[in-house]
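Since the structure comes first, as structure tokens, the remarks are kept for the end.
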Amino acid sequence: MRSKQVLQVLTMLCLTLFCPKVKSQAAFNKELPKEFTDQFTKEINDSIPSLGSFIVSQNDRLLYQQYFHGANKESVFSIKSVTKSIVSVLAGIAKDKNLLPNLNTPVLKILPEYNVSRTSFKNISNIEGKVVHDSIRNTLTLKNILTMQGGFDWVENSKISTAMSFSGDPVKFVLDLPFEEYPGTVFNYNSGESHLFGAALAKIVKTNLKQFATENLFRPLKMNVTRWDTDSMNRNLAGSEMFMKPEDMLKFGSMILNNGKLGSKQIVSQKWVQESTAEHVKLDSWDVMPDANGYGYYWWRRKTNGHQAFVATGYGGQLICVIPDLKMVIVTTCFLNDKNKGRSDIKRLHYFIDKITKGDKIK
Numbered sequence: 349m350r351s352k353q354v355l356q357v358l359t360m361l362c363l364t365l366f367c368p369k370v371k372s373q374a375a376f377n378k379e380l381p382k383e384f385t386d387q388f389t390k391e392i393n394d395s396i397p398s399l400g401s402f403i404v405s406q407n408d409r410l411l412y413q414q415y416f417h418g419a420n421k422e423s424v425f426s427i428k429s430v431t432k433s434i435v436s437v438l439a440g441i442a443k444d445k446n447l448l449p450n451l452n453t454p455v456l457k458i459l460p461e462y463n464v465s466r467t468s469f470k471n472i473s474n475i476e477g478k479v480v481h482d483s484i485r486n487t488l489t490l491k492n493i494l495t496m497q498g499g500f501d502w503v504e505n506s507k508i509s510t511a512m513s514f515s516g517d518p519v520k521f522v523l524d525l526p527f528e529e530y531p532g533t534v535f536n537y538n539s540g541e542s543h544l545f546g547a548a549l550a551k552i553v554k555t556n557l558k559q560f561a562t563e564n565l566f567r568p569l570k571m572n573v574t575r576w577d578t579d580s581m582n583r584n585l586a587g588s589e590m591f592m593k594p595e596d597m598l599k600f601g602s603m604i605l606n607n608g609k610l611g612s613k614q615i616v617s618q619k620w621v622q623e624s625t626a627e628h629v630k631l632d633s634w635d636v637m638p639d640a641n642g643y644g645y646y647w648w649r650r651k652t653n654g655h656q657a658f659v660a661t662g663y664g665g666q667l668i669c670v671i672p673d674l675k676m677v678i679v680t681t682c683f684l685n686d687k688n689k690g691r692s693d694i695k696r697l698h699y700f701i702d703k704i705t706k707g708d709k710i711k
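Residue numbers (the working numbering): 349 to 711.
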């Protein structure tokens, strides 16, 4: 019996000395020390005046939950482009239901009402150029726009994106944009493409996105999402403008961490979670994503202290960061007020996420 105990002690000693990853994981299985959290709370509060919440969960247990600058558990935030990652999961649910066609299906096969050739018009100027545009547009696939490789001439957060949001039909607006690249060749972040994908997905599931999400995602996860804004055609904005409490964002992130499951219930297939968070676009750097290493289906990828993370990110500091090998989910929200510094606040938040994931340094 004694020799068995000695063997156990020696095994644990070897793991501690020679397996730093196990050592790091062991550090995370303890509570975060009060002196660390006190200093962390003060520093993040002083650094990000727009901060509303910062939540850390590991193994489905809260390690840290703090609200800032007047926010509380009932505060609802515009999660901005985190909406895109939720739409990605809705696409996976549609696929699980055998509704979503092959992702190489042309978008205009789903939305044929927008496939109007310029050759049907007489005396149109630059008919040759516009016919070429139409032929390129017909090659645009669901996967192209799900991976931000639509090829459109687009600058995010510019006058053109504002013009789209004010247009009478934003889907038509996007499809009428000139192409800068051939679809499927170059990554260019484009919320217009996300809205186009959402319109196609709504057509596929034969209901609006909010209704589909409520029945198949929000209700099963016990998330209370009452507001998701629409465009002028009454389509839910697939790229933005969903409103959510931080704890509901955490439920969504935990479902991703658990490979699409809530308890024993499979919300979206494990296969889709793995496929949608995999690297479909090579991305070695991005100005608001330190240590970026690719883009999936509306999911960003980055390394945090060597750990692979999948990140849903929204303007001004709305984040759901899923770190599978640490069994960790980190959620942040920020107020979109005059204190918000936009993209620089996102970069700052990743600095604080890296402080949390550097578990071997926490004493």
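Beta carbons are placed, not taken as given, at the ideal position from N, Cα and C, and that holds for glycine.
Helix, strand or coil at residue i according to DSSP, with G and I counted as helix
i: Asn492; result: helix
i: Gln497; result: coil
i: Ile434; result: helix
i: Ala626; result: coil
i: Leu447; result: coil
i: Thr562; result: helix
i: Gly654; result: coil
i: Ala419; result: coil
i: Tyr699; result: helix
i: Lys687; result: coil
i: Glu379; result: coil
i: Phe591; result: strand
i: Asp394; result: helix
i: Val573; result: coil
i: Gly664; result: coil
i: Tyr462; result: helix
i: Asp408; result: coil
i: Asp386; result: helix
Beta-ladder partner(s) of residue i, from DSSP
i: Ala550; result: For Ala550, which the question treats as bridged, DSSP gives no partner whatsoever.
i: Ile403; result: Gln413, Val679
i: Val659; result: Trp648, Cys669
i: Pro454; result: Thr489
i: Asn606; result: According to DSSP, Asn606 bridges with nothing at all.
i: Ala330; result: Absent from the structure is residue 330, since the part of the chain shown begins at 349 and ends at 711.
i: Ser633; result: For Ser633, which the question treats as bridged, DSSP gives no partner whatsoever.
i: Asn584; result: Thr578
i: Lys613; result: Leu610
i: Ser426; result: Phe591
i: Phe527; result: Phe500
Assumed close pair residue i, residue j - CB separation to whole angstroms, cut-off 8 Å
i: Lys432; j: Tyr646; result: 4 Å
i: Val677; j: Leu565; result: Going by Cβ atoms, the distance from Val677 to Leu565 rounds to 16 Å, so no, they are not a contact pair.
i: Ala626; j: Val430; result: Contact doesn't hold; Cβ gap of about 19 Å is too wide.
i: Phe560; j: Leu525; result: Between Leu525 and Phe560 the Cβ distance is about 27 Å, and since that is not below 8 Å, they are no contact.
i: Tyr412; j: Leu438; result: That belief does not hold up - the Cβ atoms of Tyr412 and Leu438 are roughly 29 Å apart, past 8 Å.
i: Ile434; j: Gly665; result: That belief does not hold up - the Cβ atoms of Ile434 and Gly665 are roughly 17 Å apart, past 8 Å.
i: Leu544; j: Val522; result: 5 Å
i: Thr652; j: Ile694; result: The pair is not a contact, with the Cβ atoms about 14 Å apart (cut-off 8 Å).
i: Lys445; j: Ser588; result: About 25 Å separates the two Cβ atoms, so there is no contact after all.
Classification of residue i by the beta-carbon crowding that lies within 10 angstroms, buried from 16 upward
i: Ala442; result: buried
i: Gly611; result: exposed
i: Asn582; result: exposed
i: Ala586; result: buried
i: Asp408; result: exposed
i: Lys507; result: exposed
i: Gly516; result: exposed
i: Ser670; result: Note that residue 670 is Val in the sequence shown, not Ser. Flag for Val670 reads buried.
i: Asn450; result: exposed
i: Ala511; result: exposed
i: Val621; result: buried
i: Val534; result: exposed
i: Leu410; result: exposed
- prompt: Are there three or more Cβ pairs, one per stretch, closer than 8 Å when the region 450-463 is compared with the region 487-494?
  reply: The region 450-463 is in contact with the region 487-494.
- request: Evaluate the contact criterion for the region 592-608 versus the region 472-489: three or more CB pairs, one atom per stretch, below 8 Å.
  value: The region 592-608 and the region 472-489 do not touch, with fewer than 3 CB-CB distances between them shorter than 8 Å.
task: Please determine if the region 642-660 and the region 619-632 are in contact, where contact requires at least 3 C-beta pairs separated by less than 8 Å.
output: Contact check between the region 642-660 and the region 619-632: three or more CB pairs, one atom from each, fall below 8 Å, which counts as touching.
message: Three or more C-beta pairs under 8 Å: does that hold for the region 392-403 against the region 677-689?
response: As far as the Cβ criterion goes, the region 392-403 touches the region 677-689, which means the pair count is three or higher.
- prompt: Between the region 384-392 and the region 546-560, do three or more beta carbon pairs fall short of 8 Å?
  reply: No contact exists between the region 384-392 and the region 546-560.
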